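Visitor: Residue numbers (my numbering): 1384 to 1701.
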Amino acid sequence: MTDLAALKDFLVLCQTKSFSRAAERCHVSVSGLSRRIQGLETWLGTPAFDRGKASLELTDAGRQLQSVATEVTYALEGLRKTVRHTLEDRSEQIRFTAPHVMSAIFFPEWIPRLHSEFKSARFNVASDNLPECMDALNSGNADFLVTLVDDAQAILERVGLRGRETEYPAIVLGNEQLIPVCAPDAAGRPLFPLEGRDTGPVSFLGYAGECSLGWALDHALLSFPLLNLVRYHQSSLADGLRGMALSRLGVAWLPETMVRNELNSKTLMRAGGCQFNIPLQVCILRSPSRLGAQADAFWLRMASPSVVTTNLRESIAA
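#1: Name the two residues that bound the continuous beta strand (DSSP E) containing Ser1586.
#2: Out of Leu1605, Ser1619, Ala1525, Ser1586, which has the shortest C-alpha to C-alpha gap to Gly1592?
#3: Distance, Cα to Cα, Phe1402 vs Arg1418?
#4: If you follow the beta strand (DSSP E) that Asp1526 is part of, which residue opens it and which one closes it?
#5: Would you kindly check if the distance between the Cβ of Asp1534 and the Cβ of Pro1662 is under 7 Å?
#6: Would the C-beta of Ala1458 count as close to the ligand GTP, meaning under 6 Å from any of its heavy atoms?
#7: So which of Ala1431, Asn1660, Ser1672, Gly1571 has the shortest CA-CA distance to Leu1561?
#8: Whose C-alpha, out of Leu1668, Leu1683, Gly1675, is nearest the C-alpha of Asp1518?
#9: Along the chain, where does the alpha helix (DSSP H) that runs through Thr1425 open and close?
#10: Can you tell me where the beta strand (DSSP E) with Val1555 in it begins and where it stops?
#11: Would you mind sorting Val1532 into buried or exposed? The rule is 16 or more other CB atoms within 10 Å of its CB.
#12: Starting from Asn1702, follow its DSSP beta bridges and name the residues at the other end.
#13: Enumerate in chain order the residues of its own chain whose CB-to-CB distance from Met1641 is below 7 Å, with the five nearest sequence positions on each side excluded.
#14: Note down, in chain order, each residue of its chain lying with its Cβ closer than 6 Å to the Cβ of Cys1594, except the 5 sequence neighbours on either side.
#15: Taking Thr1399 as the reference, give the member of Leu1441, Trp1598, Val1555 with the closest Cα.
#16: Looking only at DSSP bridge pairs, what is Glu1440 linked to?
#17: For His1498 and Met1685, what's the separation of their Cα atoms in angstroms?
#18: Indicate whether Pro1563 and Leu1577 have their beta-carbon atoms separated by less than 7 Å.
#19: Where DSSP assigns a beta bridge to Ser1618, which residues make up the other side?
#20: For the region 1538-1552 and the region 1493-1509, state whether three or more C-beta atom pairs, one from each stretch, are separated by less than 8 Å.
#21: Just how far apart, CA to CA, sit Leu1387 and Gly1675?
#22: Straight-line CA distance for Gly1546 to His1483?
#23: In terms of residue numbering, what span does the beta strand (DSSP E) encompassing Gln1664 cover?
#24: Taking the beta carbon of Cys1657 as the centre, do at least 16 other beta carbons fall within 10 Å, making it buried, or is it exposed?
#25: DSSP three-state call for Met1652: helix, strand or coil?
#26: How is the alpha helix (DSSP H) around Pro1495 delimited, first residue to last?
#27: Let me know the secondary structure DSSP gives Val1642 once reduced to three states.
#28: What number of angstroms, rounded off, separates the C-alpha of Glu1697 from the C-alpha of Val1555?
#29: Rounded to a whole number of angstroms, what is the C-alpha to C-alpha distance between Phe1490 and Leu1610?
#30: In whole angstroms, give me the CA-to-CA distance for Leu1416 and Ala1458.
#31: Could you check where the alpha helix (DSSP H) with Thr1399 kicks off and where it finishes?
#32: Mind checking Gln1421: buried by the 16 CB within 10 Å criterion, or exposed?
#33: Would you list the residues sitting across from Leu1637 in a DSSP beta bridge?
#34: Can you tell me which residues form a DSSP beta bridge with Leu1612?
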């Protein structure tokens, strides 16, 4: 098979119809260019040029080769530019994957803080359900996974991460908790109280099966067998449950950060005491794949006990 340099020289010769002018443009000697073209013709099995005329003229085979060579060199040059651009772009990117809820409670405050430390980096945050986030991390389509983890590690258990700290190094970035909230009644008391009033079954707004917060919540509720919860409605998104709670449909366990404004405005209130809170940690896990330059620098900084890192890792629940 001939090489790309020979094809490119051939196309220049097709344009100039002169070995001397083509050699000058290709930055090779005339003899060197002649050897390349002869090698190309040997590979082709027939002359590409009719050298018996006053100027170089393409043979029928040469014209066919010119057409194919034009397409091939254009495609290969385009591929090389795309690959180089992708590699350069990849080295500048820090790619995060995270469950949907993190885009509401974590990244809006954290990304500006990161940007102040990594000004030349390009941040990419992709949201999905946790199993799909794990797929992105394992396939090399994401550098880091940022997720909530419960004390019982029910979330890690469901995605096969429990006990795999060596394969997936992790750093705790902050603290969060799920708290039970509901709308107030006319007297300003919980419309769906978990304690203190004998109201019978409590309408429970649960997470759909694919939501990782639901895995932590379902495990934690096993510790409260006396709660008379009846699941009437559910959603795969925490924000969907917040909307249902605001619509007075039941009690939902939501990230405290997400409902802070509603608690302050009293459009939502706690449905029970602190014993019903479910502690969580915000963790970042590193991809087992090789990282780009900016992502690697970011991880080294995050793993460092420096003052800057401490600021980047401060609790989001503060």
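Glycine is no exception: its CB is placed at the ideal position from the N, C-alpha and C atoms. The structure presented is a predicted model; accordingly, all values stated were derived computationally and were not measured.
Guide: The relevant details are as follows:
#1: 1585-1590
#2: Ser1619
#3: 11 Å
#4: Here Asp1526 belongs to no beta strand (DSSP E), and DSSP marks it neither H nor E.
#5: yes
#6: As presented, the structure is devoid of all ligands, the ligand GTP included, so that no description of it is given.
#7: Asn1660
#8: Leu1668
#9: 1413-1427
#10: 1553-1565
#11: buried
#12: With the chain running from 1384 to 1701 in the structure shown, residue 1702 is simply not present.
#13: Ala1487, Ile1488, Ala1621, Arg1625
#14: Ser1619
#15: Leu1441
#16: Asp1433
#17: 14 Å
#18: yes
#19: Tyr1590
#20: no
#21: 29 Å
#22: 25 Å
#23: 1661-1669
#24: exposed
#25: strand
#26: 1490-1500
#27: coil
#28: Any reading at Glu1697 is ruled out, since the residue's pLDDT is 44, under 50, leaving its predicted position unreliable.
#29: 34 Å
#30: 23 Å
#31: 1387-1399
#32: exposed
#33: Ile1562
#34: Val1585
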